[in-house]
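First residue of the sequence shown: 136, per this note's numbering; consecutive thereafter.
Virtual Cβ for every residue (Gly too), placed ideally from N, Cα, C.
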Amino acid sequence: MKELKEILYKVKISKVIGHTSISIAKLCIDSREIQANDLFIAIKGNAIDGHLFIDNAIKLGAKSIICESIPSDIQNGVTYLEVECSREALSVVSSNYYDNPSGKLKLVGVTGTNGKTTIVTLLFDLFKIAGFKTGLISTVKICINDITLDSAQTTPDSLRVNYLLSQMLAQGVKYCFMEISSHGIHQKRINGLNFFRRNIFKFNS
Numbered sequence: 136m137k138e139l140k141e142i143l144y145k146v147k148i149s150k151v152i153g154h155t156s157i158s159i160a161k162l163c164i165d166s167r168e169i170q171a172n173d174l175f176i177a178i179k180g181n182a183i184d185g186h187l188f189i190d191n192a193i194k195l196g197a198k199s200i201i202c203e204s205i206p207s208d209i210q211n212g213v214t215y216l217e218v219e220c221s222r223e224a225l226s227v228v229s230s231n232y233y234d235n236p237s238g239k240l241k242l243v244g245v246t247g248t249n250g251k252t253t254i255v256t257l258l259f260d261l262f263k264i265a266g267f268k269t270g271l272i273s274t275v276k277i278c279i280n281d282i283t284l285d286s287a288q289t290t291p292d293s294l295r296v297n298y299l300l301s302q303m304l305a306q307g308v309k310y311c312f313m314e315i316s317s318h319g320i321h322q323k324r325i326n327g328l329n330f331f332r333r334n335i336f337k338f339n340s
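Structure representation (structure tokens):
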């Protein structure tokens, strides 16, 4: 559990209805995954608008909602937080929820037209051979030292990224090499992350 007011640090909030001194079990961007005392972040996607599922999230147990437009039907006992951009808010609350893991390891991002997967994989392998505990987030796979996980996206959403970084820290990872797509940048998936020396390395063909 985390205090809502704690994970809202640095979130640009334009309006609040309800109380922020409540406990949050977890963060969700998919209303179908909501359980009691969760925070639901309503995201406007290209095909689906998460704002349409706010009522369903509340029925499933959500006690707080981050949205770009507060619904007209306000439910008692639910805290509503209006923000200009839900995606940007998600990046901040995700980092706060997992205790800002990107600032506790050396995170290196690689973006560009071609070669991103190759570069991050080579860097991961080199640092691992050199004896460093190392992580990888790429199109092909996600690695936490010797543990390999499936990868569904080139750049996961900020909630997933911060979860992965927190798991890496728990395994003693010191360096993480992350593939970053232009789509991921556009959707603010890397907002709130602390990259090593504040640099993202770019490789073009």
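Y310 lies in the beta strand (DSSP E); which residues open and close that run? 310–314
Only counting the same chain, and skipping five residues up and downstream in sequence, which positions put a Cβ closer than 8 angstroms to that of D234? S301
Euclidean distance between Cα positions of V218 and T274: 31 angstroms
Mapping the DSSP letters down to three states, classify I325 as helix, strand or coil. coil
Pull up the distance between the alpha-carbon of L143 and that of V228, whole angstroms please. 6 angstroms
In chain order, what residues of the same chain have a beta carbon less than 6 angstroms from the beta carbon of L225, not counting five sequence neighbours either side? I176, S293
Between C220, C311, V245, which lies nearest to K268 when the distance is taken from Cα to Cα? C311
How about D173 and G153: are their beta carbons less than 8 angstroms apart? no
Would you say L240 and F259 are within 8 angstroms of each other, going by their C-beta atoms? no
Please return the same chain residues whose Cβ sits closer than 6 angstroms to the Cβ of S340, not counting the five positions on each side in sequence. The predicted model places S340 with a pLDDT of 45, which falls under 50 and marks its position as unreliable; any figure quoted below should be read in that light. The residues are T248, N249.
Unbroken stretches of the alpha helix (DSSP H), 4 residues or longer, contained in the region 209–269: 221–232, 251–264
With the cut-off set at 8 angstroms, would you say I315 and V245 are in Cβ contact? yes
Answer with buried or exposed for T283, where buried requires no fewer than 16 other C-beta atoms within 10 angstroms of its C-beta. exposed
Measure the C-alpha to C-alpha separation of D285 and G319 and round it to an integer number of angstroms. 18 angstroms
Classify G180 as buried or exposed, calling it buried when 16 or more other Cβ atoms lie within 10 Å of its own Cβ. exposed
Which stretch, first to last residue, makes up the beta strand (DSSP E) that contains V151? 148–152
Can the beta-carbon of N231 be found closer than 8 angstroms to that of E141? yes
DSSP state of S340, grouped into three classes? In this prediction, S340 scores a pLDDT of 45, lower than 50, which makes its location untrustworthy; the coordinate-derived value is nonetheless stated afterwards. It is coil, neither helix nor strand.
Which residues share a DSSP beta bridge with D285? K276
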